[in-house]
Amino acid sequence: MKKILFVINSMGQGGAETAFLEFLKKINEPEYEIFLYVLMGQGEMSGRLPSNVRVLNRTLSSLSVLTGRGRRRMARTVFLAFWSHGGWGRKLCYIIQNLTEMIKRKRFQISKLFWHVLSDGADRFDTKFDLAVAWMEGGSAYYVADHVNAEKKAAFLHIDYENAGYTRAMDRACWKQYGRILAVSEEVKNHFQIFYPEYAKMIHVFPNYIDQDRIRLRAEEPGGFSDDFDGMRLLTVGRLTWQKAYDIAIEAMGILKRSGWRVRWYVLGEGEERKKLKKKIAAYGLEKDFLLLGAVENPYPYYVQADIYVHATRYEGKSIAVQEARTLGCAVIASDCNGNREQITDGEDGILCQLTPEAVADSIAGLLMDEEKRKRFGRMAEAKKILRGQGQILQELLGG
Numbered sequence: 041m042k043k044i045l046f047v048i049n050s051m052g053q054g055g056a057e058t059a060f061l062e063f064l065k066k067i068n069e070p071e072y073e074i075f076l077y078v079l080m081g082q083g084e085m086s087g088r089l090p091s092n093v094r095v096l097n098r099t100l101s102s103l104s105v106l107t108g109r110g111r112r113r114m115a116r117t118v119f120l121a122f123w124s125h126g127g128w129g130r131k132l133c134y135i136i137q138n139l140t141e142m143i144k145r146k147r148f149q150i151s152k153l154f155w156h157v158l159s160d161g162a163d164r165f166d167t168k169f170d171l172a173v174a175w176m177e178g179g180s181a182y183y184v185a186d187h188v189n190a191e192k193k194a195a196f197l198h199i200d201y202e203n204a205g206y207t208r209a210m211d212r213a214c215w216k217q218y219g220r221i222l223a224v225s226e227e228v229k230n231h232f233q234i235f236y237p238e239y240a241k242m243i244h245v246f247p248n249y250i251d252q253d254r255i256r257l258r259a260e261e262p263g264g265f266s267d268d269f270d271g272m273r274l275l276t277v278g279r280l281t282w283q284k285a286y287d288i289a290i291e292a293m294g295i296l297k298r299s300g301w302r303v304r305w306y307v308l309g310e311g312e313e314r315k316k317l318k319k320k321i322a323a324y325g326l327e328k329d330f331l332l333l334g335a336v337e338n339p340y341p342y343y344v345q346a347d348i349y350v351h352a353t354r355y356e357g358k359s360i361a362v363q364e365a366r367t368l369g370c371a372v373i374a375s376d377c378n379g380n381r382e383q384i385t386d387g388e389d390g391i392l393c394q395l396t397p398e399a400v401a402d403s404i405a406g407l408l409m410d411e412e413k414r415k416r417f418g419r420m421a422e423a424k425k426i427l428r429g430q431g432q433i434l435q436e437l438l439g440g
C-alpha cells in the first residue's frame with residue numbers, strides 16, 4: 041500500500057481548503073494510505089475530513105484562525121514551535137530578516153513572518169512516505185521540503201506568487217526539493233515561472249476540482265438573505281484581507297448610493313481586516329448598505345438570491361468563489377487582474393473592470409440597468425465548462 045502524506049497550513053474556511061476537501065473525496069483507491077498533517081493544527085473545516093484520512097496531529101482543533109480564541113491558540117502554536125527542535129538563533133534571524141524586508145516593502149504580513157518558525161518547530165515523523173504533497177505555499181511547502189522523508193515530493197500553488205508577498209529569501213530554496221509543482225491556473229504557472237525560471241520544466245497546470253452537482257443541491261437548501269430589503273443585492277464571498285480589496289468596494293458602494301441606486305452589498309467571509317473595514321464603512325455612512333455577514337457554512341443560497349456577484353480583487357490564483365458563482369448562474373463582475381482573467385471572458389459571460397472605485401461602480405450600475413444582460417451572463421457562465429482535477433493525479437505524481 042502506498043503511503044501518501046498531505047500537508048496543509050490550516051483547515052480554515054477558504055478556497056484552497058475547500059478545494060483540498062473536494063480533492064480528498066476523489067481519492068478512494070484501496071492501494072493508498074492517506075495521511076494528513078495540519079501545520080497550525082486548527083481550522084473550522086477540520087470536522088469535514090473524509091474518514092479514510094489519518095490525521096497525524098496529536099490534537100486538531102476546530103477553532104477558526106480568525107476568532108479571538110483561535111488567534112490565541114495560533115499564537116501559542118507559534119511560541120511552542122519557536123522553542124521546539126532548537127535552532128532558536130536561526131529562527132530569530134529569519135524573523136528579523138523578513139520583518140526588515142516587509143518594512144522596506146511597506147507590506148506587513150504576520151503569517152509569512154512565522155512560516156519557517158512553524159515549519160522548523162513542527163512535529164517530525166519517522167515514516168518514509170511514497171509521496172508527500174504540500175497543498176499550499178508557505179509553511180506547508182517549507183515543511184515538506186525540509187522535514188519530510190518521502191520518495192517523491194510535489195507542491196501546489198494557489199496564488200499569484202510575487203503579488204502574494206513571497207520572496208526568494210523567505211523561501212530558502214525550498215522548491216529545489218520538489219519533483220513537480222502544480223499550479224491551479226495558467227496565470228499562476230506563468231507568474232511563478234517569472235519568479236523562478238529555473239523550475240519552469242517542473243511546473244504543470246492542475247485546476248482545482250469543485251463538485252458542481254453538490255453546489256447546486258446545496259443552493260436549494262434553506263438559507264440566504266434574512267433581511268427584508270427589496271432592492272438589488274450585490275454579493276462577494278471571500279476572506280476579509282487586503283488581497284480582496286474591500287476598501288475599493290466600500291468606496292464604489294459610496295458612489296452607487298450617492299447616485300441614488302437602491303442597492304445593498306453583502307460580504308460572506310471573515311478576516312483580520314474586519315475592524316478596519318467597519319471603520320471605513322462607518323466613515324462612508326454605509327452601515328445599512330455594506331454588510332459584513334461573516335463566514336457561513338452554506339453560502340450557496342446567497343449566490344442564487346443575489347442580482348450580481350462582484351469579485352473586485354487585487355490578485356487571484358483561481359478563485360473558488362468565482363467558480364461557484366458561475367456554477368450557480370450568477371452575473372459576475374470581476375477586476376481585470378491575474379486569476380480573474382482566466383475565468384471571465386469580458387462581455388461574454390461577465391465583466392472585467394479596472395480596480396478603481398469609479399470603474400467598479402460604473403460596471404455595477406451598467407449591469408443593474410440591464411436585466412437581459414445579467415440573465416445572459418448568468419446563462420453563459422453556467423454553461424461554460426469548468427475544468428476539473430484529473431482523477432489519476434496520484435498515479436501521475438507517483439510515476440512522474
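Each residue of the sequence shown is one higher than the last, beginning at 41 in the numbering used here. Just so you know, even glycine gets a beta-carbon here, dropped at the ideal spot from N, CA and C. Values in this document were obtained by computation on a predicted structure and should not be read as measured data.
G334 beta carbon less than 9 Å from that of G309 | yes
Closest to T353 by CA distance: which of L120, C370 and A399 is it?
-> For T353, the nearest C-alpha among the options comes from A399.
When the Cβ atoms of the segment 221-228 are set against those of the segment 381-393, are three or more pairs found closer than 8 Å?
-> yes
Report the residue from A185, G108 and L158 whose alpha carbon sits nearest the alpha carbon of K131.
-> L158
Rounded separation between F60 and W175 - CA only | 8 Å
What is the rounded straight-line gap between the Cα of L392 and the Cα of H198?
-> 21 Å
Based on Cα-Cα distance, which residue from E69, N138 and S104 lies nearest to R279?
-> S104
Can you tell me which of the three DSSP states L103 falls into?
-> coil
Three-state class that DSSP yields for W175 in the structure shown | coil
Among A285, K144, W305 and Y343, which residue has its Cα nearest to the Cα of P262?
-> The shortest CA-to-CA distance from P262 to any of A285, K144, W305 and Y343 is the one to Y343.
Per DSSP, cross-strand counterpart(s) of H244 | L222
Can you name the residues that DSSP bridges to Q82?
-> Checking the DSSP bridge columns, you'll see Q82 partnered with S101.
Buried or exposed: where does I136 fall if 16 or more other Cβ atoms within 10 Å of its Cβ makes it buried?
-> exposed
Beta strand (DSSP E) segment containing F63, residue limits = Element bounds for F63: not the beta strand (DSSP E) but the alpha helix (DSSP H), G55 to K65.
Would you give the residue range spanned by the beta strand (DSSP E) that S375 belongs to?
-> Where S375 is concerned, the enclosing beta strand (DSSP E) stretches over V372 to S375.
Collapsed DSSP secondary structure at A115 in the structure displayed = Note: A115 maps to helix in three-state DSSP.
Find out if the Cβ-Cβ distance for the pair M272, V303 is shorter than 9 Å.
-> Going by C-beta atoms, M272 is nearer than 9 Å to V303.
Do you know offhand how far Q394's Cα is from H351's?
-> 12 Å
Own chain residues within Cβ distance below 8 Å of G431, not counting five before or after = Caution applies to G431, whose pLDDT of 45 falls short of 50 and renders its modelled position unreliable; the value that the coordinates give is listed next. Answer for G431: K66, listed in chain order.
Burial state of P339, where buried means 16 or more other Cβ atoms lie within 10 Å | By the 16-neighbour rule on beta-carbons within 10 angstroms, P339 is buried.
How about K413 and A374: do their beta carbons lie closer than 9 Å?
-> Against a cut-off of 9 Å, the Cβ pair of A374 and K413 comes out as no contact.
For N189 and Y72, the rounded distance between their alpha carbons | 17 Å
Endpoints, alpha helix (DSSP H) assigned at H156 = Residues W155 to G161.
Per DSSP, G390 is paired with what?
-> D386
What residues are listed by DSSP as bridge partners for V47?
-> Answer is Y77 and A174, bridged to V47.
In terms of residue numbering, what span does the beta strand (DSSP E) encompassing W305 cover?
-> V303 to L308
V47 and Y183 look like a contact to me (Cβ under 8 Å); what is the Cβ gap, rounded to whole Å?
-> 6 Å
Could you tell me which uninterrupted alpha helix (DSSP H) segments, each at least 4 residues in length, are contained entirely in the segment 164-218, listed from first to last along the chain?
-> 179-187 and 208-211, all fully within the segment 164-218.
According to the neighbour-count rule (16 or more other Cβ atoms, all chains shown, within 10 Å of its Cβ), is C133 buried or exposed?
-> exposed
Environment of S359 [buried if 16+ CB atoms lie within 10 Å] | Within 10 angstroms of the beta-carbon of S359 lie 16 or more other beta-carbons, which makes it buried.
CB-CB under 7 Å to N92, same chain, minus the five flanking residues each way: which ones, in chain order?
-> Taken in chain order, the residues that qualify are I74.
Specify the secondary structure class of G379 as computed by DSSP and reduced to three states.
-> coil
Looking only at C-alpha atoms, which of L45, G179, S101 and Q345 sits nearest to D170?
-> L45
Just tell me which of E62, T167, A204 and E191 has its CA closest to the CA of G178.
-> A204
Compare the C-alpha of M293 against each of V307, W282, L89 and L139 and name the closest.
-> V307
To the nearest angstrom, how far is it from the Cα of Y286 to the Cα of A323?
-> 14 Å
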